[in-house]
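All residue numbers for the sequence shown refer to the working numbering, where the first residue is 48 and numbers rise by one.
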Amino acid sequence: MRFSVIATIGAANLAMAQYSNSTGGIFPEMVGDFKPYGCVTSAAGFPGFEKAASTDDMSLDMCAASCPGKFMGVNGKDCICGEDIEAAMVMQVDRMICNSPCPGNKAQSCGSAPAMQRRQAVPAGSAVSMYERNGDDASAATGGETVTSTVTSTEVATVTSCAPSVTDCPVGSQTTKVWTQPTTVCKKPEGWNEWHKKKIVCYGDHCAHEVPCETGDQKHRVICEGKKCRTEVTTTEEWNKLIICEGNNCKYAECKGVECNQKKIVCFNGKCTYSKCIGDECRKNVVCKGDKCQYEKCNGADCNKKVICDVNGQNCNTAPPPPGPPAPPVCYGDNCKVVTPPCNGDNCKVVTPPCNGDNCKVVTPPCNGNDCKVVTPPCYGDDCKVPGGTGVMPNPKPMRTGPPVVGGAGSIAVNIIGAAAGLLFVL
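Structural data, given as structure tokens:
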């Protein structure tokens, strides 16, 4: 019934509506690769589904970017993924029940009711906005066509041992295997490319745009400070290395062993979240063929690496580690502290800021050399001592003071007598 309605709309208008509505409405017609399934509940708490991500930036788009499964659902700030909707024992309810705004996009709705618990995908009674991946029926749903393309897989392996008959065993050298296989895929609808360009995923130590950058496209690197990650435009050659920072102290990520296959970082439109690896989805290499880099599946110990090939996908080698630490991230906001580097050399000028107010203290720099002139301030009082002198400053003949002048009109005679007495005393 749903497909018959879609068919009457018209392929061109539908393709635009699917992606233009992904930022508004309770159930957008399309979110990434997912189409609406409905507002659902599960008395059993959605068994078979896993919590893939949890973030205050959660939206339908963020969950669609994080979920590799056939079904994805959102409840508040939590995103769940699963393959079997029947095993989850869901029951469809009125879509208007899923009316809670998504924390990362208030124009979208992310289920309703209580938040999910750690040991349960969704608590019983919670409503989830559920979406289904657009799979084999994508062509019918979008009015698109099926086309044949060639899927290429690349594997770089390291020689660890040889048969006894091999006399010159190249232990430590690398070998490359490339497979190409014609595959029938659905032609992407209008808007698909723009949505996927906003998605960046980090597996292990490396990050990559889901849609490979073309010449002239801006590249982004992913920077994590504590539990918060974000993207940043960069022009460095090491743009696809994950960066971990503590303040201005930054380093390239270095995962070891199984930890490389347990976590991933998903970024959509600049906002990022840590996400769980489901199945073996994190076993990937970043493979660069010329300037185009994207993920390819890998096997064995040579996973989670960057592989550099020529434009035809041949002559592949593991990329060497980047030289030196990464540049610190761009600083934003009130907490941005700019540290002035120390000044050395003859041209170093220190500008003293203007000083105002009663508490202003001007410190005179030390004076050295023959041209240094020290000006002694005037000295007053009995305790005035001259540096380098004998002690107390010599006192000239004291000035005698006459009787005080009395003010007032009735005191003129007194003032005249006082003045005369003073004159006689001097003579």
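Glycine included, every Cβ here is placed at the ideal spot set by N, Cα and C.
Counting every other CB atom within 10 Å of its CB across the protein chains shown gives S212 a total below 16, marking it as exposed. When C-beta atoms of the segment 260-280 are compared with those of the segment 125-143, fewer than three pairs fall below 8 Å, so the two segments do not count as touching.
A91 and M138 have their C-alpha atoms roughly 11 Å apart. In this structure, C356 and V334 form a Cβ contact; the two beta carbons are roughly 6 Å apart against a cut-off of 8 Å. Between the C-alpha atoms of M177 and K244 there is a straight-line separation of about 23 Å. Here the C-alpha atom of K153 lies approximately 19 Å from the C-alpha atom of S173. Scanning its chain for C-beta atoms nearer than 7 Å, with the 5 sequence neighbours on each side dropped, one finds around S147 the residues G123, S156, C157, G158, S159, in chain order.
Contiguous beta strand (DSSP E) elements confined to the segment 119-161 occur at 125-129, 137-140, 152-156, taking only those with 3 or more residues. Just so you know, the alpha carbons of L107 and S208 end up roughly 49 Å apart. The C-alpha of D338 lies about 12 Å from the C-alpha of V354.
No residue range can be given for M77, since it is assigned to no alpha helix (DSSP H) and is classified by DSSP as neither H nor E.
The three-state reading of DSSP puts V305 in helix, counting H, G and I together. By the Cβ criterion, the segment 83-102 is not in contact with the segment 287-299, since fewer than three pairs of Cβ atoms, one from each stretch, lie closer than 8 Å.
Listed as beta-bridge partners of E293 by DSSP are N296. If only complete runs of 3 or more residues are kept, the segment 326-365 shows the beta strand (DSSP E) at 331-336, 339-344, 353-356, in order along the chain.
For C340 and N359, the gap between their C-alpha atoms comes out near 13 Å. A distance of 7 Å or more separates the beta carbons of C145 and M105. Just so you know, the alpha carbons of P372 and C271 end up roughly 15 Å apart. Secondary structure note for A112: its alpha helix (DSSP H) is the uninterrupted segment 107-113. By the neighbour-count criterion, in which a residue is buried when 16 or more other Cβ atoms sit within 10 angstroms of its Cβ, T278 is buried.
Taking one beta carbon from each stretch, the segment 295-304 and the segment 319-335 have fewer than 3 pairs nearer than 8 Å; the two do not touch. CA-to-CA, the gap between P376 and E284 works out to about 15 Å. Counting of Cβ neighbours within 10 angstroms places G120 among the buried residues, the total reaching 16 or more. Counting along the chain, the unbroken beta strand (DSSP E) around E179 starts and ends at 175-180. Classified as exposed, G347 has fewer than 16 neighbouring CB atoms from the shown chains inside 10 Å of its CB. In this structure, the beta-carbon distance from G219 to N351 does not fall below 7 Å. Around K310, the same chain offers Y321, S322, K323, C324, C329 as residues with beta carbons nearer than 8 Å, after the five sequence neighbours per side are excluded. Within the same chain, D108, K245 come within 8 Å of N316 by CB-CB distance, once the 5 residues on both sides are set aside.
The Cβ neighbour count for M77, taken over all protein chains shown within 10 Å, is at least 16; the residue is labelled buried.
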